[in-house]
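Since the structure comes first, as structure tokens, the remarks are kept for the end.
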DNA sequence: ATACAATATTAGAATTATCTAACAAAAAAC
DNA sequence: GTTTTTTGTTAGATAATTCTAATATTGTAT
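Residue numbers (this note's numbering), protein chains in the order written: chain R, 1 to 111; chain G, 112 to 222.
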């Protein structure tokens, strides 16, 4: 049995149990990140707002494909858009996602 | 165009470009995490080693289903196993994954 | 208005993921 | 040895994902 009923105050880090709702929400968001093209888009974006055509250039696949991946991340509330003239700029919606990307860099890119 | 050719020393955080290999590796790992049951298993594990039957109890699905999800994470080098008698204990392989899980907790569970 | 540029959407084929149910393997207990 | 416990594997049906190609939409410019 897992003993998570009450905090173990002095012996080791206490890991809080996580609700199934939180789990489901996190898994949905993670799934939206876990595709090579989408991850690359996020790395290119960082904390900037970049137009679709510039993303297409930087990533290197078809405009339609990029547009679909952007839509997935916008639907999952990872990205937001801002229109300027006839261009649409995408940017990462919240600080949490940026932190996550930062940690993933450290975990996966330091070898 | 994205200007990542050289570090912008004083104006804002410089975001390093990421190789496609790193991207692919990260995406594969992330995909292994981005399923509700697998995420729940990881949250239950934390930094402990837990037997399959205890994981089955804690998660609440069939033993076969758990075994398949554990195999996926073992194949992707997220989990490792240790046999004791006729029980098999699973645990998170490296510190990086634990950090990632910690940050995900903060990002997705603080609401 | 037409033409052009940038972005979004749809359809459909191919691939991949996921589950259940049944069965196999390994180690312990008897 | 057999039986039981624990874990792993396979088969196959169903569902979800991903890509390409074609088309639609939206705003700008002329």
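C-beta atoms are modelled at their ideal positions from N, C-alpha and C, and glycine is treated no differently.
Own chain partners of residue i with C-beta closer than 6 angstroms, once the 5 adjacent residues on each side are dropped
i                      : result
residue 205 of chain G : none
residue 192 of chain G : 199 and 201
residue 174 of chain G : 167
residue 92 of chain R  : 45 and 98
residue 71 of chain R  : none
residue 69 of chain R  : 37 and 38
residue 12 of chain R  : Confidence at residue 12 of chain R is low in this model, with a pLDDT of 45, below 50, so the placement of that residue should be treated as unreliable; the coordinate-derived value is given next. Result list for residue 12 of chain R: empty, nothing under 6 angstroms.
residue 106 of chain R : none
CA nearest to the CA of residue i, picked from the options
i                      : options                       : result
residue 23 of chain R  : G:130, G:145 and G:207        : G:145
residue 75 of chain R  : R:85, R:31, R:54 and R:98     : R:31
residue 200 of chain G : G:183, G:173, G:170 and G:156 : G:156
residue 211 of chain G : G:131, G:197, G:189 and G:196 : G:189
residue 129 of chain G : R:29, R:19 and R:39           : R:39
residue 159 of chain G : G:196, G:182 and G:209        : G:209
residue 83 of chain R  : R:21, R:25 and R:50           : R:50
residue 220 of chain G : R:108, R:96 and R:43          : R:96
Per DSSP, cross-strand counterpart(s) of residue i
i                     : result
residue 92 of chain R : R:79
Beta-carbon proximity list for residue i, same chain, < 8 angstroms, skipping 5 on both sides
i                      : result
residue 66 of chain R  : 37, 41, 52, 55, 56 and 59
residue 196 of chain G : none
residue 172 of chain G : 148
residue 20 of chain R  : none
residue 5 of chain R   : Confidence is the limiting factor: at residue 5 of chain R the pLDDT is only 37, short of 50, which leaves the residue's position unreliable, though a coordinate-based value still follows. Excluding residues within five positions, none has a Cβ falling inside 8 angstroms.
Residue i Cβ short of 6 angstroms to the ligand SAM heavy atom set
i                      : result
residue 213 of chain G : Among the components modelled here there is no ligand, and therefore nothing to report on the ligand SAM.
Neighbourhood of residue i by C-beta distance below 7 angstroms, restricted to the same chain and skipping five residues each side
i                      : result
residue 139 of chain G : 187
residue 213 of chain G : none
residue 184 of chain G : 143, 149 and 190
residue 137 of chain G : none
query: Whole alpha helix (DSSP H) runs in the region 2 to 85 of chain R with 4 or more residues, listed along the chain?
result: Segments of the alpha helix (DSSP H) lying fully in the region 2 to 85 of chain R: 20 to 33, 36 to 45, 52 to 59 and 63 to 75.
task: Return the residues of the region 187 to 208 of chain G that lie within a Cβ-Cβ distance of less than 8 angstroms from chain R, sorted by chain order.
output: Taking 8 angstroms as the Cβ-Cβ cut-off against chain R, the residues of the region 187 to 208 of chain G that qualify are 207 and 208.
- request: Using a Cβ-Cβ cut-off of less than 9 angstroms, give me the residues of the region 128 to 141 of chain G that come near chain R, in sequence order.
  value: Going along the region 128 to 141 of chain G in chain order, one finds 128, 129, 130, 131, 133, 134, 135, 136, 137, 138, 139, 140 and 141 with a Cβ nearer than 9 angstroms to chain R.
- prompt: In the region 145 to 156 of chain G, which residues sit with their C-beta less than 7 angstroms from some C-beta in chain R, listed in chain order?
  reply: Flagged, chain order: 145, 146, 147, 150, 151, 154 and 155.
query: What are the residues of the region 56 to 75 of chain R that lie near chain G, defined by any Cβ-Cβ distance shorter than 9 angstroms?
result: Listed in chain order, the positions of the region 56 to 75 of chain R with a beta carbon within less than 9 angstroms of a beta carbon of chain G are 57 and 58.
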